[in-house]
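Take a look at the structure below.
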Amino acid sequence: MVMHSQPIHCFTSLKSFDGARIASTRRDAYPTNQGGGSLPLLPNIRAAVIVPGFLTGKDEFLPLAQSLNNIGIPTVVVPMPNWHWLPCLGGRSMRPMLERIDFTVRHLAGVAGNLGDFERTTIEAIEKSLDNDEKRRVRDPQILIPNINYNVIDLYQDFRNNPGGVLKVGGSAEVDKYPLWNPKGSFLSAPAPVGKVALIGHSAGGWICRAYISNRNYGGKSYDGQKLVHSLITLGSPHGNAPGPAFKGVEWVNSEIIDASSGVRALAVGGTGYKGDSSGDLTRGAYSFCCPVGSDGTQYDGDGVTPIQSALAMKEYMPHADTLVLDDVGHFCWSDVFGGDIVAPDLTKFHRDGRPWYGDQPVIEKWAGWL
352 MVMHSQPIHC FTSLKSFDGA RIASTRRDAY PTNQGGGSLP LLPNIRAAVI VPGFLTGKDE
412 FLPLAQSLNN IGIPTVVVPM PNWHWLPCLG GRSMRPMLER IDFTVRHLAG VAGNLGDFER
472 TTIEAIEKSL DNDEKRRVRD PQILIPNINY NVIDLYQDFR NNPGGVLKVG GSAEVDKYPL
532 WNPKGSFLSA PAPVGKVALI GHSAGGWICR AYISNRNYGG KSYDGQKLVH SLITLGSPHG
592 NAPGPAFKGV EWVNSEIIDA SSGVRALAVG GTGYKGDSSG DLTRGAYSFC CPVGSDGTQY
652 DGDGVTPIQS ALAMKEYMPH ADTLVLDDVG HFCWSDVFGG DIVAPDLTKF HRDGRPWYGD
712 QPVIEKWAGW L
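For the sequence shown, our numbering assigns the number 352 to the initial residue and increments by one for each residue that follows.
What follows is the structure, encoded as structure tokens:
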């Protein structure tokens, strides 16, 4: 494990976490100004939202959230199934995902002040009528996040109209030229925020989180998530530019420098040990896909999907970011999900044989302490 750090101000403590000396900070957020009125300074809350990677959803990441809950970091997952990604296929607008991230962040930020009392109050009240198995299932702040009401008609309309991508829906693949399209679905209003939370983005979820914290207009809306987010961790996310419509969104976030004045700390985590010439067809193709010069991918090392250079490239655009390289760590829990043997047979075998991914317990302990 290699940790590269930038100086972090406002230290409250320094702690050793699995061999790495990591700065632990707590800062007040910058004031927000929505609707012309100023909100009070929001404190940082040690709670997190997990943003699933491309074509994955809540179910695949609930075990990671539970592991973080168990070590004292209340964590929820964006409440979406994997098919909610379908309107974004082919490099199209990520507005549907940004809406879901914003929904989850706002709901967690709205209840974050009560998380310290979560087990004593909410769980205690619920558990009175539950058996032991049910009690274990509710020891989880995920129950505080409402579901998103999204049906097949919404999906059809989004799939038909979501702009950009290979087919240049709406006229262009360029983010700044997207026509205005508001994603469908019903998103319950959140309580007023009482604190800022962390984002943990896996794979494509990581660069999409960068679009969320930006205060620029993305496809008709500025999310300005830096007002509600104090820290960003990306796990195996492709942050480097590469050819093709699928990377137009990455290119868009990389056209901006977000520095420490944003109030958002950042950590880019990448795995190595999966060589492009010896880890299977999916790895070779994924590395080629991420290559800025369109090589065959065989010369790269990475986590089996994202080359290490791309995973750490966030630092070029968030200069204050820390980077963490994890040796022999894979991209995903391939052997735990349906279809892994079909999509990624080599990577599935590696995981089944005991090679860990970012969400396995010994690996979590190497990056979660940064929060």
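Note that CB positions come from ideal geometry on N, CA and C, so glycine has one too.
With residue i and residue j assumed to form a contact (beta carbons below 8 Å), what rounded beta-carbon distance in angstroms separates them?
i, j, result
"residue 681", "residue 625", "6 Å"
"residue 513", "residue 438", "4 Å"
"residue 549", "residue 398", "7 Å"
"residue 402", "residue 463", "Residue 402 to residue 463, Cβ: 17 Å. No contact."
"residue 396", "residue 547", "6 Å"
Given this structure, state the Cα-to-Cα distance separating residue i from residue j, to the nearest angstrom.
i, j, result
"residue 617", "residue 675", "11 Å"
"residue 686", "residue 704", "9 Å"
"residue 457", "residue 449", "12 Å"
"residue 446", "residue 635", "29 Å"
"residue 521", "residue 434", "22 Å"
"residue 460", "residue 656", "32 Å"
"residue 688", "residue 413", "12 Å"
"residue 581", "residue 418", "21 Å"
"residue 640", "residue 594", "8 Å"
"residue 579", "residue 392", "11 Å"
"residue 590", "residue 537", "31 Å"
"residue 644", "residue 518", "22 Å"
"residue 527", "residue 407", "27 Å"
"residue 659", "residue 708", "14 Å"
"residue 665", "residue 551", "14 Å"
"residue 378", "residue 716", "The predicted position of residue 378 is uncertain, since its pLDDT is 31 and thus under 50; a value taken from the coordinates is nonetheless stated next. So the alpha carbons of these two residues sit roughly 23 Å apart."
"residue 714", "residue 621", "11 Å"
Buried or exposed, going by whether 16 or more other CB atoms sit within 10 Å of the CB of residue i?
i, result
"residue 712", "exposed"
"residue 424", "buried"
"residue 698", "buried"
"residue 679", "exposed"
"residue 543", "exposed"
"residue 647", "exposed"
"residue 568", "exposed"
"residue 342", "Absent from the model: residue 342. The displayed extent of the chain is 352 to 722, so no value can be given."
"residue 651", "buried"
"residue 677", "buried"
"residue 504", "exposed"
Quick one: what's got a C-beta closer than 8 Å to residue i's C-beta in the same chain, skipping five residues either side?
i, result
"residue 532", "444, 446, 512, 513, 514, 521, 570 and 571"
"residue 577", "381, 564, 565, 566, 609, 613, 614 and 615"
"residue 432", "408, 409 and 410"
"residue 524", "442, 515, 516, 517, 596 and 599"
"residue 573", "565, 566 and 567"
Skipping 5 residues on each side, what residues in its chain have a beta carbon closer than 7 Å to that of residue i?
i, result
"residue 405", "436, 554 and 555"
"residue 605", "592 and 668"
Can you find the residues in the same chain that come closer than 6 Å, C-beta to C-beta, to residue i, ignoring five residues on each side of it along the sequence?
i, result
"residue 695", "633 and 685"
"residue 557", "585 and 588"
Of all the alpha helix (DSSP H) runs that stay within the bounds of the region 596 to 659, which reach a length of 4 or more residues? 599 to 604 and 632 to 641
Identify every run of the beta strand (DSSP E) within the region 419 to 455, keeping only runs that are complete inside it and at least 3 residues long; order them along the chain. 426 to 428
Ignoring anything shorter than 4 residues or poking outside the region 497 to 532, list the alpha helix (DSSP H) runs there in chain order. The qualifying runs are 503 to 512.
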